[in-house]
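Encoded as structure tokens, the structure appears first; notes follow it.
There are 2 protein chains.
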Amino acid sequence: MTSGEPTHLPTLEEVARVAGVSRATVSRAINGGSRVSPQAQAAVDRAVAQLGYTPNRAARSLVTRRTDSVALLVPETGARFVSDPFLTGVLQGVTTALAGTELQLVLLVAQHAGDTARQLRYLRSGHVDGALVTSHHGNDELALEMSRLGLPFVFGGRPFDPDSVAVPYVDADNVNGGRLAAEHLIGTGRRRLATVAGPADMSAAVDRLDGWRRALEEAGLHADAVEHGDFTIDGGTAAMERLLRHHPDVDGVFVASDPMASAALQVLRNFGRRVPDDVAVVGFDDTMLATTTTPPLTTVRQPAEEHGERMVEMLLEQLAGSPPRLGGEILPVELIVRESA
Amino acid sequence: MTSGEPTHLPTLEEVARVAGVSRATVSRAINGGSRVSPQAQAAVDRAVAQLGYTPNRAARSLVTRRTDSVALLVPETGARFVSDPFLTGVLQGVTTALAGTELQLVLLVAQHAGDTARQLRYLRSGHVDGALVTSHHGNDELALEMSRLGLPFVFGGRPFDPDSVAVPYVDADNVNGGRLAAEHLIGTGRRRLATVAGPADMSAAVDRLDGWRRALEEAGLHADAVEHGDFTIDGGTAAMERLLRHHPDVDGVFVASDPMASAALQVLRNFGRRVPDDVAVVGFDDTMLATTTTPPLTTVRQPAEEHGERMVEMLLEQLAGSPPRLGGEILPVELIVRESA
DNA sequence: CTCGATCGTGAGAGCGCTCTCACACCCACG
DNA sequence: CGTGGGTGTGAGAGCGCTCTCACGATCGAG
Numbered sequence: 020m021t022s023g024e025p026t027h028l029p030t031l032e033e034v035a036r037v038a039g040v041s042r043a044t045v046s047r048a049i050n051g052g053s054r055v056s057p058q059a060q061a062a063v064d065r066a067v068a069q070l071g072y073t074p075n076r077a078a079r080s081l082v083t084r085r086t087d088s089v090a091l092l093v094p095e096t097g098a099r100f101v102s103d104p105f106l107t108g109v110l111q112g113v114t115t116a117l118a119g120t121e122l123q124l125v126l127l128v129a130q131h132a133g134d135t136a137r138q139l140r141y142l143r144s145g146h147v148d149g150a151l152v153t154s155h156h157g158n159d160e161l162a163l164e165m166s167r168l169g170l171p172f173v174f175g176g177r178p179f180d181p182d183s184v185a186v187p188y189v190d191a192d193n194v195n196g197g198r199l200a201a202e203h204l205i206g207t208g209r210r211r212l213a214t215v216a217g218p219a220d221m222s223a224a225v226d227r228l229d230g231w232r233r234a235l236e237e238a239g240l241h242a243d244a245v246e247h248g249d250f251t252i253d254g255g256t257a258a259m260e261r262l263l264r265h266h267p268d269v270d271g272v273f274v275a276s277d278p279m280a281s282a283a284l285q286v287l288r289n290f291g292r293r294v295p296d297d298v299a300v301v302g303f304d305d306t307m308l309a310t311t312t313t314p315p316l317t318t319v320r321q322p323a324e325e326h327g328e329r330m331v332e333m334l335l336e337q338l339a340g341s342p343p344r345l346g347g348e349i350l351p352v353e354l355i356v357r358e359s360a
Numbered sequence: 020m021t022s023g024e025p026t027h028l029p030t031l032e033e034v035a036r037v038a039g040v041s042r043a044t045v046s047r048a049i050n051g052g053s054r055v056s057p058q059a060q061a062a063v064d065r066a067v068a069q070l071g072y073t074p075n076r077a078a079r080s081l082v083t084r085r086t087d088s089v090a091l092l093v094p095e096t097g098a099r100f101v102s103d104p105f106l107t108g109v110l111q112g113v114t115t116a117l118a119g120t121e122l123q124l125v126l127l128v129a130q131h132a133g134d135t136a137r138q139l140r141y142l143r144s145g146h147v148d149g150a151l152v153t154s155h156h157g158n159d160e161l162a163l164e165m166s167r168l169g170l171p172f173v174f175g176g177r178p179f180d181p182d183s184v185a186v187p188y189v190d191a192d193n194v195n196g197g198r199l200a201a202e203h204l205i206g207t208g209r210r211r212l213a214t215v216a217g218p219a220d221m222s223a224a225v226d227r228l229d230g231w232r233r234a235l236e237e238a239g240l241h242a243d244a245v246e247h248g249d250f251t252i253d254g255g256t257a258a259m260e261r262l263l264r265h266h267p268d269v270d271g272v273f274v275a276s277d278p279m280a281s282a283a284l285q286v287l288r289n290f291g292r293r294v295p296d297d298v299a300v301v302g303f304d305d306t307m308l309a310t311t312t313t314p315p316l317t318t319v320r321q322p323a324e325e326h327g328e329r330m331v332e333m334l335l336e337q338l339a340g341s342p343p344r345l346g347g348e349i350l351p352v353e354l355i356v357r358e359s360a
């Protein structure tokens, strides 16, 4: 059944022999076929079909110095990546956008915290033509390293200091998202507002908090009820519990990710608060989770798939030779009103 | 890591020159280093570190005929893959298990239904050393094709007819899962039982239904209340609505995946049924979703990560030269009791 | 000592492909 | 009829690596 003997793969040489032309002509015929006579082209096509020929990528890559593959670099450990519905949405957009190309996706997931050195070494060694970088924490060290690499790349999410660290990136309009959440809660009469923000070392979290704060201040409300979570369910549970302890009179909460928001709903229920009657909750993401909670989440929708697709498009531009456009493309967000607020 | 020049990558040749030995010796020193004197080894190590040398994979692959990468073949379209928490759990296990090796993961997601021809062509062309195949539908065509390829591979989920189609695979004990769900519902006094099963063309769905039916029959209960869904939320909603229409007196439901079970909870609520008071619900998977629903799901836990890890281990055995063990490894499942049943 | 075995080493032949270059051929133009 | 400029083609030189093979040095056994 599974033969131990790996089948012999046909080479360019053999195609050339069968087609009755030279290797060079076959190569031309296969790659876009400029300067190839119709007869030669037809003969090659026939031979290729007959032999079931596919070019050997390694050999081609050796001379062209291209690999026809790009990396998706995930500085998180696998667990975190895969349990975040937003990130999997981005992954979906990436695979969709790549489907129309010849490029393969190599998944480069961090093995443990602080594993970026290994990942960078891989990128530096010419194994891929470009890289997509998702979900980056902390300072802009990674962005700086990537810039030094001289490899085309695109970030998902802006760097912390986009003025001094100029990299191409795609981001959601997180500031406006925070503002939309605030305005909705204020507009529906809530006055004791609080937020479960994301990690203070992620720009997405900072921006959402920023928009939130500004909207509250403009409305003359206090914006000091803030607890941070790490965007996960467990982190959301802990943060929401702290929030209720410190601010028991809260009547409206903006929770900066859907996983954390679903956790917040559980905590509120455990504390005997009704949602939305006693406390209104607004989430962020609008992933699958938002529709499965009770009550369904009112949440700020960010377009995860489109996020991934745009990242690929910006990378393709660079691979086609355009200089990287330093700076970001900001995708719009939108408030989706369901029942939790 | 100093200049931003179009970096010239150091070659074996240069390492050899710096170390004062021949290319052959450097090659030996880098690959396991048998038959290399300690002095030579040390000189090479020093040169490698100094130059920041990394072997060119394409060149190596060209001669060794190995690529040091494996494919994760997803016959589903991206959307489906990424929105299934079980599959993302498997992906996590795969990346974890691969982390300890030199192997890279190439994601091969179907571009559209019936795209397997393209995927098979890719596999056949020697671009990867092996393949992991997840979530396969329908007949055993793909399993047969894979067998013919002569490429090491492992399936996630058994083939439909494991006796005539002998392939290596990892699977959960789905039959027992269906049984556990049934026994729990019966044991808590439910008598009007129904199930939302998975697609009839997936072995996992068939097995869960099988175990369920057998347990019901052994208890002398009717096992004819069955609706099929496609494992997604939307599919679960539609199936649960049909179920309630055809069997309005149901008091216990086994829903064959967590996404479908979360949908079932919504439908039941919309129909004014209380869970678990009026209707008890048991899900399958025990993914993140199971804890975010109201009430939290009682569900059959299948070890998604372990599933992925075992697949990798079985593939590694083959890559190391062992003949593929035709037949399956069945992972145990476990009932997790929460509040929905 | 002599002899064969063992060890560390380097020379060199490719792996399958692309790409430059030279060349033969054809056509229009003066 | 030359001449110049296309156009299609093939020969051949590598890309960076591994691996076989031959060779001198070393060593223990006889």
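So the sequence lines, in the order shown, correspond to chains L and V. Position one of the first sequence corresponds to residue 20 (this note's numbering), numbered consecutively onward. Position one of the second sequence corresponds to residue 20 (this note's numbering), numbered consecutively onward. Backbone N, C-alpha and C define an ideal beta-carbon position, used for all residues, glycine too. Bear in mind the structure is a predicted one, so any value in this text is a computation, not a measurement.
Check: Simplified DSSP state of residue 28 of chain V, which is helix, strand or coil; Outcome: coil
Check: Start and end residues, alpha helix (DSSP H) containing residue 320 of chain V; Outcome: Careful: residue 320 of chain V lies outside any alpha helix (DSSP H), inside the beta strand (DSSP E) at 317 to 320.
Check: Boundaries (first-last residue) of the alpha helix (DSSP H) holding residue 395 of chain L; Outcome: Beyond the ends of chain L as shown, which are 20 and 360, falls residue 395 of chain L; an answer cannot be given.
Check: Where residue 292 of chain V falls, given that 16 or more other Cβ within 10 Å makes a residue buried; Outcome: buried
Check: Below-8 Å beta-carbon distance, residue 56 of chain V vs any chain L residue; Outcome: no
Check: With 16 other Cβ atoms within 10 Å as the buried cut-off, status of residue 120 of chain V; Outcome: exposed
Check: Under the three-state DSSP convention, the category residue 246 of chain V falls into; Outcome: strand
Check: Neighbour list for residue 76 of chain L in chain V, Cβ cutoff strictly below 7 Å; Outcome: 146
Check: Proximal chain L residues relative to residue 108 of chain V, where beta-carbon distance stays under 9 Å; Outcome: 101, 102
Check: Alpha-carbon to alpha-carbon, residue 207 of chain V and residue 285 of chain V; Outcome: 22 Å
Check: Per-residue DSSP class, three states only, for residue 57 of chain V; Outcome: helix
Check: Beta-carbon proximity of residue 313 of chain V to residue 312 of chain L, cut-off 8 Å; Outcome: yes
Check: Own chain, CB closer than 8 Å to residue 42 of chain V, minus 5 neighbours either side, in chain order; Outcome: 31, 32, 35
Check: At least three beta-carbon pairs within less than 8 Å, the stretch 183 to 202 of chain V to the stretch 223 to 232 of chain V; Outcome: yes
Check: Chain V contact residues for residue 330 of chain L, given Cβ-Cβ distances below 9 Å; Outcome: Result: empty, since nearest Cβ-Cβ is about 15 Å, beyond 9 Å.
Check: Among L:339, L:322, L:336, L:353, the one whose alpha carbon lies nearest that of residue 176 of chain L; Outcome: L:322
Check: Three-state secondary structure assigned by DSSP to residue 297 of chain V; Outcome: coil
Check: At least three beta-carbon pairs within less than 8 Å, the stretch 119 to 138 of chain V to the stretch 265 to 273 of chain V; Outcome: no
Check: Expected contact under 8 Å - CB spacing of residue 105 of chain V and residue 304 of chain V to nearest Å; Outcome: 5 Å
Check: Separation of residue 348 of chain L from residue 212 of chain V, as counted between CA atoms; Outcome: 53 Å
Check: Any chain V beta carbon closer than 8 Å to residue 69 of chain L; Outcome: no
Check: Chain V residues whose Cβ lies nearer than 8 Å to that of residue 140 of chain L; Outcome: 73
Check: Other residues of its chain near residue 146 of chain V: CB distance less than 7 Å, five sequence neighbours each side excluded; Outcome: 86
Check: Residue from L:50, L:203, L:196, L:39 with nearest C-alpha to residue 58 of chain L; Outcome: L:39
Check: Where the stretch 123 to 136 of chain V meets chain L: residues whose CB sits under 7 Å from a CB there; Outcome: 123, 124, 125, 126, 128, 130
Check: Per-residue contacts from residue 80 of chain V into chain L (C-beta, under 7 Å); Outcome: 77
Check: Cβ-heavy atom distance, residue 78 of chain V to the ligand ADP, below 7 Å; Outcome: The ligand ADP is absent from the structure shown, which contains no ligands of any kind.
Check: Whole-angstrom C-beta distance between residue 219 of chain V and residue 247 of chain V, which should lie under 8 Å; Outcome: 6 Å
Check: For residue 171 of chain L and residue 136 of chain L, the rounded distance between their alpha carbons; Outcome: 18 Å
Check: Amino acids of chain V, ordered along the chain, whose beta-carbon sits closer than 8 Å to that of residue 252 of chain L; Outcome: 307, 310, 311
Check: DSSP-derived helix/strand/coil call for residue 353 of chain L; Outcome: strand
Check: Residue environment, residue 324 of chain L, which counts as buried when at least 16 other CB atoms sit within 10 Å; Outcome: buried
Check: Close-in-space but distant-in-sequence residues of the same chain around residue 180 of chain V (CB under 7 Å, 5 per side omitted); Outcome: 159
Check: 6 Å CB neighbourhood of residue 201 of chain L in its chain, flanking five on each side removed; Outcome: 231, 234, 235
Check: Backbone CA spacing between residue 20 of chain L and residue 279 of chain V [nearest angstrom]; Outcome: Since pLDDT at residue 20 of chain L reaches only 38, below the 50 mark, its modelled position is unreliable, and the value read off the structure follows with that caveat. Going from the Cα of residue 20 of chain L to the Cα of residue 279 of chain V covers about 38 Å.
Check: Neighbourhood of residue 116 of chain L by C-beta, 6 Å cutoff - its chain only, sequence neighbours within 5 removed; Outcome: 328, 331
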